[in-house]
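Everything on this sheet refers to the single structure shown next.
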Amino acid sequence: MHAVEIDVWSDYVCPFCCLVGPAVERIQAEFGDRLRLRWRAFELRPEPQPSLDEQRERFRGLFDRGIVPRARELGLVMRFPERHPRTRRAHELSAFARTQGRAGALHGLLMREFWEHGRDLGEVDLLVELAVRAGLEADDARAVFAMQSQVEEVLADETEAVHLGLSGVPAILVRPAKGLITEAEVIEGAQPYEMIRAVIDTVLDRH
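For the sequence shown, position 110 matches number 353 in our numbering, and the numbering has no gaps at all.
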């Protein structure tokens, strides 16, 4: 039986979302079946908003000074991306993986392929490849895009984020099992494991 529920709104092209991954994975390993974890969709640059590609050089110094050292401390490999792909398709596939119990595995693969290898998360063939590596069927993954079966789920995640007042990612919402998400404790930004764990312990102590 779940003791605590965590919803994490994130985007695959957000470096801070990548940085918070090890902390969330550590907590998931510690709690096991007592934790219900859901990765939720939040597109930083959905169409028709302009891509970050034209402004990417503005962020190179910040990335090298702030992101790379912290990633190294966490044992992550993060390279400055040569492109900033749209992430709608990646979120659609993740939403499907959630229904199959493979969202966690897929999430990690998507993050690594973008930040370590700079691959384009908008390419269907790549997403199908990652789906298979995460334990999904290739035909099922292709059907997600052909049928656009998960678009409404992605948009629902993003609409809920707006209603909850979430303006940036990562945003981690912690609540007791079956608790109302509107009453969840909100953790903003790539906070360390110790802070996230302290919030979880506080939530559990209250209930």
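Every residue gets a Cβ at the ideal spot worked out from N, C-alpha and C, and that includes glycine.
For ILE430, report the span of its beta strand (DSSP E) as first-last. 428-431
Residues that DSSP places opposite TRP282 in a beta bridge: VAL251
Assumed close pair VAL417, ALA427 - CB separation to whole angstroms, cut-off 8 Å: 6 Å
Straight-line CA distance for LEU280 to ILE249? Distance between the alpha carbons of LEU280 and ILE249: 5 Å.
Determine whether the beta carbon atoms of ALA246 and PHE274 lie at a separation below 9 Å. yes
Can the beta-carbon of ALA333 be found closer than 9 Å to that of TYR255? Yes; because the gap between Cβ atoms is below 9 Å, this pair is in contact.
Let me know the secondary structure DSSP gives LEU262 once reduced to three states. helix
Evaluate the contact criterion for the segment 354-363 versus the segment 389-402: three or more CB pairs, one atom per stretch, below 8 Å. Contact fails: fewer than three Cβ-Cβ distances are below 8 Å.
Quick check on the DSSP output: what are the complete alpha helix (DSSP H) runs of length 4 or more inside the segment 285-318, in order along the chain? 311-316
Start and end residues, alpha helix (DSSP H) containing TRP246: In the sequence on display, residue 246 carries Ala and not Trp. That residue, ALA246, is in no alpha helix (DSSP H); it is neither H nor E in DSSP.
Beta-carbon within less than 7 Å of GLU325's beta-carbon, same chain only, minus the 5 sequence neighbours each way: which residues are those? GLY361
The beta strand (DSSP E) spanning ARG418 covers which residue range? 414-419
Rounded to whole angstroms, what's the CA-CA distance from ARG303 to PHE323? Just pull it up for me. 7 Å
Start-to-end residues for the alpha helix (DSSP H) that takes in ARG440: 436-449
Under a three-way DSSP split, which group does GLU366 fall into? coil
By Cβ distance, which residues of its chain are closer than 6 Å to VAL462, with the 5 residues on each side in sequence left out? Missing from the structure shown is residue 462; the chain here goes from 244 to 450 and no further.
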